[in-house]
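Chemist: Top to bottom, those sequences are chains C and B. Going by the working numbering, the first residue of the first sequence is number 1, and it counts up by one from there. Going by the working numbering, the first residue of the second sequence is number 147, and it counts up by one from there. Idealized CB from N, CA, C, for every residue including glycine. Every value quoted in this text rests on a predicted model; they were computed, and no experiment measured them. Take a look at the following structure, please.
There are 2 protein chains.
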Amino acid sequence: MRNSKQKEIILRALGEHCIHPTADELYNYIHQEYSDIGVATVYRNLNKFAEKGIIRKIIGLDGSSHFDSCLEPHYHFICSCCGKIYDVPINIGKDLIAKAEEFTDCKITSMNMTFRGLCRECEDKHNGKFVFDEAETEMLLTASTS
Amino acid sequence: MRNSKQKEIILRALGEHCIHPTADELYNYIHQEYSDIGVATVYRNLNKFAEKGIIRKIIGLDGSSHFDSCLEPHYHFICSCCGKIYDVPINIGKDLIAKAEEFTDCKITSMNMTFRGLCRECEDKHNGKFVFDEAETEMLLTASTS
DNA sequence: AATGATAATGATAATAATTATCATTTATTG
DNA sequence: CAATAAATGATAATTATTATCATTATCATT
Numbered sequence: 001m002r003n004s005k006q007k008e009i010i011l012r013a014l015g016e017h018c019i020h021p022t023a024d025e026l027y028n029y030i031h032q033e034y035s036d037i038g039v040a041t042v043y044r045n046l047n048k049f050a051e052k053g054i055i056r057k058i059i060g061l062d063g064s065s066h067f068d069s070c071l072e073p074h075y076h077f078i079c080s081c082c083g084k085i086y087d088v089p090i091n092i093g094k095d096l097i098a099k100a101e102e103f104t105d106c107k108i109t110s111m112n113m114t115f116r117g118l119c120r121e122c123e124d125k126h127n128g129k130f131v132f133d134e135a136e137t138e139m140l141l142t143a144s145t146s
Numbered sequence: 147m148r149n150s151k152q153k154e155i156i157l158r159a160l161g162e163h164c165i166h167p168t169a170d171e172l173y174n175y176i177h178q179e180y181s182d183i184g185v186a187t188v189y190r191n192l193n194k195f196a197e198k199g200i201i202r203k204i205i206g207l208d209g210s211s212h213f214d215s216c217l218e219p220h221y222h223f224i225c226s227c228c229g230k231i232y233d234v235p236i237n238i239g240k241d242l243i244a245k246a247e248e249f250t251d252c253k254i255t256s257m258n259m260t261f262r263g264l265c266r267e268c269e270d271k272h273n274g275k276f277v278f279d280e281a282e283t284e285m286l287l288t289a290s291t292s
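Printed below as a string of structure tokens:
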């Protein structure tokens, strides 16, 4: 991978955000200051960085791709109301992966966990009156036992 | 929600599959027998069913939407080689969610876990020589401690 | 069983995010 | 500094999904 001004700009711009922007959002942000950067360059490099493990890619619940410059082990929380993605800096036990390998007879190399609910801000704003009218597509907590 | 012949066909067709098809895949399958069903109807109803909690929607690592007629608590394993989605019928402890709520100060209502790696079939076929050239976008196991 | 209200359907247009193409520019290496 | 090949940017292409809307089917009520 060759160096370029654009790559530096993209990486720096991503580092300035903690909201886990999409490629498009980051492009628009960068484009304000560097109007001559191309959309393809931003998409291309973000994906390349993710492949190389320099950054992380998060697939949102609606299928959109978000990017995260933080490589530290952590998971994500997505607010069902405002859609913002927050970090959840916890680790899970290896025994869970062992159990999953046992059940599936598959070799597991990576895993991903996403929580969903209402963020503090939205809960305050809506005073608990927010109705989950979106698809409840994930495992409901009520169904999970330990 | 009103009843219809199409809804029955779609639900039945989904039940016949354990590969977690996309809306498009299911449409093509159904279309073979019922050539007069529309694409929009399949997309519409699958999403509606997921909203109602009659089926589940899984967002693949590439952002594609897959559907699952099984409502039992379980997670998924996606093969990095062939892309097939397998069920992982395990449960996690509530303490993990409690911990996540504590860290984020958010109210968690649901969670989702996806494992990734090589399925038995692909491992045998490629004899362990498969190279992960795809984006390693999730948390690498090596980074996770218990 | 006929009626009427309205939800569901299907054909197709529209959308939106992302990727491919390719001529031009830029970085790296000897 | 020149040669080589990768990177860029403009734009076309792609692809999955959704919106539109005229038509049809469903279902509660008569």
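If we ignore side chains and look at the alpha-carbon of each, how far apart do L14 (chain C) and S226 (chain B) end up?
Modeler: Position 14 of the first sequence, counting from 1, holds the residue named residue 14 (chain C). Position 80 of the second sequence, counting from 1, holds the residue named residue 226 (chain B). Spanning the two alpha carbons is a distance of roughly 27 Å.
Chemist: CA-CA distance, A186 (chain B) and S211 (chain B)?
Modeler: In the second sequence, residue 186 (chain B) corresponds to position 40, counting from 1. In the second sequence, residue 211 (chain B) corresponds to position 65, counting from 1. Distance between the alpha carbons of A186 (chain B) and S211 (chain B) is about 15 Å.
Chemist: Between T41 (chain C) and chain B, is the shortest Cβ-Cβ distance under 8 Å, so that the two count as touching?
Modeler: Position 41 of the first sequence, counted from the first residue, corresponds to residue 41 (chain C). Taking Cβ atoms only, chain B never reaches closer than 8 Å to T41 (chain C), which makes this a no.
Chemist: Could you confirm whether any beta carbon from chain C is found closer than 8 Å to the beta carbon of I238 (chain B)?
Modeler: Residue numbering aside, residue 238 (chain B) sits at position 92 when the second sequence is read from its first letter. So yes, I238 (chain B) belongs to the interface.
Chemist: DSSP on G263 (chain B), reduced to helix/strand/coil?
Modeler: Position 117 of the second sequence, counted from the first residue, corresponds to residue 263 (chain B). Strand at G263 (chain B).
Chemist: Examine the Cβ distances between the segment 230-240 of chain B and the segment 171-184 of chain B and report whether three or more of them are shorter than 8 Å.
Modeler: Result no; under three Cβ-Cβ pairs closer than 8 Å.
Chemist: Is the beta carbon of I201 (chain B) sitting closer than 8 Å to the one on S215 (chain B)?
Modeler: Here residue 201 (chain B) corresponds to residue number 55 of the second sequence, with the count starting at 1. Here residue 215 (chain B) corresponds to residue number 69 of the second sequence, with the count starting at 1. Yes, Cβ-Cβ distance for I201 (chain B) and S215 (chain B) is below 8 Å.
Chemist: Could you please give the first and the last residue of the uninterrupted alpha helix (DSSP H) stretch that includes Y43 (chain C)?
Modeler: What you label residue 43 (chain C) is simply residue 43 of the first sequence in a count that begins at 1. Looking at the DSSP string, the run of the alpha helix (DSSP H) that includes Y43 (chain C) is V39 to K52.
Chemist: Which residues in the same chain have their Cβ closer than 7 Å to the Cβ of E134 (chain C), if we skip the five residues on either side of it in sequence?
Modeler: Taking the first residue of the first sequence as position 1, residue 134 (chain C) is located at position 134. Below a pLDDT of 50, predicted positions are generally treated as unreliable, and E134 (chain C), at 41, falls in that range; no measurement from the model is reported.
Chemist: Indicate whether at least one CB of chain B lies closer than 8 Å to the CB of N45 (chain C).
Modeler: By 1-based counting over the first sequence, the position of residue 45 (chain C) is 45. Chain B, which has no Cβ nearer than 8 Å to the Cβ of N45 (chain C), makes this no.
Chemist: Hey, is V131 (chain C)'s beta-carbon within less than 8 Å of any beta-carbon in chain B?
Modeler: The residue you call residue 131 (chain C) lines up with position 131 of the first sequence. With a pLDDT of 44 at V131 (chain C), under the threshold of 50, the modelled position of that residue is not reliable, and the figure given next carries that caveat. Answer no: the Cβ-Cβ gap between V131 (chain C) and chain B never drops below 8 Å.
Chemist: What are the boundary residues of the alpha helix (DSSP H) that includes H31 (chain C)?
Modeler: Within the first sequence, residue 31 (chain C) is the residue found at index 31, counting from 1. Looking at the DSSP string, the run of the alpha helix (DSSP H) that includes H31 (chain C) is A23 to E33.
Chemist: What are the boundary residues of the alpha helix (DSSP H) that D241 (chain B) is part of?
Modeler: Indexing the second sequence from 1 puts residue 241 (chain B) at position 95. Taken as a continuous stretch (DSSP letters only), the alpha helix (DSSP H) holding D241 (chain B) covers K240 to T250.
Chemist: Rounded to whole angstroms, what is the Cα-Cα separation between I19 (chain C) and Q32 (chain C)?
Modeler: Residue 19 (chain C) sits at position 19 when you count from the first residue of the first sequence. Residue 32 (chain C) sits at position 32 when you count from the first residue of the first sequence. Distance between the alpha carbons of I19 (chain C) and Q32 (chain C) is about 18 Å.
Chemist: Is T260 (chain B) near H222 (chain B), with beta carbons less than 8 Å apart?
Modeler: To locate residue 260 (chain B), count along the second sequence from 1; it is residue 114. To locate residue 222 (chain B), count along the second sequence from 1; it is residue 76. A contact, by the Cβ cut-off of 8 Å.
Chemist: Out of curiosity, what's the CA-to-CA distance linking N149 (chain B) and T104 (chain C)?
Modeler: The sequence position of residue 149 (chain B) within the second sequence is 3, counting from 1. The sequence position of residue 104 (chain C) within the first sequence is 104, counting from 1. Those two C-alpha atoms are separated by around 37 Å.
Chemist: Determine the direct distance from the alpha carbon of N191 (chain B) to that of S146 (chain C), and round the result to whole angstroms.
Modeler: Against the first sequence, residue 146 (chain C) aligns to sequence position 146. Against the second sequence, residue 191 (chain B) aligns to sequence position 45. Reliability fails at S146 (chain C), whose pLDDT of 43 lies under 50, so the model's placement of it is uncertain and the value that follows must be treated cautiously. Roughly 33 Å separates the two Cα atoms.
Chemist: Of all the CB atoms in chain B, is at least one closer than 8 Å to the CB of G117 (chain C)?
Modeler: One-based indexing of the first sequence puts residue 117 (chain C) at position 117. Cβ-Cβ to chain B under 8 Å: yes for G117 (chain C).
Chemist: Interface residues of chain B around S4 (chain C) at Cβ under 9 Å?
Modeler: Position 4 of the first sequence, counted from the first residue, corresponds to residue 4 (chain C). Within 9 Å Cβ-Cβ: nothing; S4 (chain C) doesn't reach chain B, min ~20 Å.
Chemist: Could you have a look at R148 (chain B) and say whether DSSP puts it in helix, strand or coil?
Modeler: Translated into the one-based positions of the second sequence, residue 148 (chain B) becomes position 2. Looking at R148 (chain B) - three-state DSSP - the assignment turns out to be coil, as it is neither helix nor strand.
Chemist: Would you tell me roughly how many angstroms separate the C-alpha atoms of V277 (chain B) and R120 (chain C), rounded to the nearest one?
Modeler: By one-based count along the second sequence, residue 277 (chain B) stands at place 131. By one-based count along the first sequence, residue 120 (chain C) stands at place 120. Confidence in V277 (chain B) is poor, its pLDDT being 44 and thus under 50, which makes the residue's placement too unreliable to answer from.
Chemist: Shortest alpha-carbon distance to D124 (chain C) belongs to which of B:L172, B:D270, B:I176 and B:K253?
Modeler: Here the question's residue 124 (chain C) lines up with position 124 in the first sequence. The shortest C-alpha separation from D124 (chain C) is found at B:K253.
Chemist: Within 10 Å of its beta-carbon, does M111 (chain C) have 16 or more other beta-carbons around it, so buried, or fewer, so exposed?
Modeler: Translated into positions along the first sequence, residue 111 (chain C) becomes position 111. Per the 10 Å Cβ criterion, buried.
Chemist: For S86 (chain C), return the contacting residues in chain B, with the cut-off set at a CB-CB distance below 7 Å.
Modeler: For the purposes of this step, residue 86 (chain C) is taken as residue 86 along the first sequence, with counting starting at 1. According to the sequence displayed, residue 86 (chain C) carries Tyr and not Ser. Chain B residues near Y86 (chain C): T250 and C252.
Chemist: What's the gap between the Cα of Y232 (chain B) and the Cα of I156 (chain B)?
Modeler: Stepping through the second sequence from its first residue, residue 232 (chain B) is reached at position 86. Stepping through the second sequence from its first residue, residue 156 (chain B) is reached at position 10. Answer to the nearest angstrom: the Cα atoms are 21 Å apart.
Chemist: Quick one: what does DSSP say I10 (chain C) is sitting in, helix, strand or coil?
Modeler: Within the first sequence, numbered from 1, the residue matching residue 10 (chain C) stands at position 10. Here I10 (chain C) sits in helix by DSSP.
Chemist: Do you know how far the Cα of R116 (chain C) is from the Cα of K84 (chain C)?
Modeler: For the purposes of this step, residue 84 (chain C) is taken as the residue at position 84 of the first sequence. For the purposes of this step, residue 116 (chain C) is taken as the residue at position 116 of the first sequence. Rounded to the nearest angstrom, the two C-alpha atoms are 10 Å apart.
Chemist: Can you pull out the residues from the segment 159-183 of chain B whose beta carbon lies closer than 9 Å to at least one beta carbon of chain C?
Modeler: So nothing in the stretch comes that close.
Chemist: Which residue marks the beginning of the beta strand (DSSP E) containing K230 (chain B), and which one marks its end?
Modeler: Locating residue 230 (chain B) in the second sequence gives position 84, where the first residue counts as 1. No beta strand (DSSP E) holds K230 (chain B); DSSP gives it neither H nor E.
Chemist: Taking Y220 (chain B) as the reference, give the member of B:F213, B:P235 and B:P167 with the closest Cα.
Modeler: The residue you call residue 220 (chain B) lines up with position 74 of the second sequence. Here the sequence assigns His to residue 220 (chain B), which means Tyr is not the residue at that position. Taking only the C-alpha atoms, the option nearest H220 (chain B) is B:P235.
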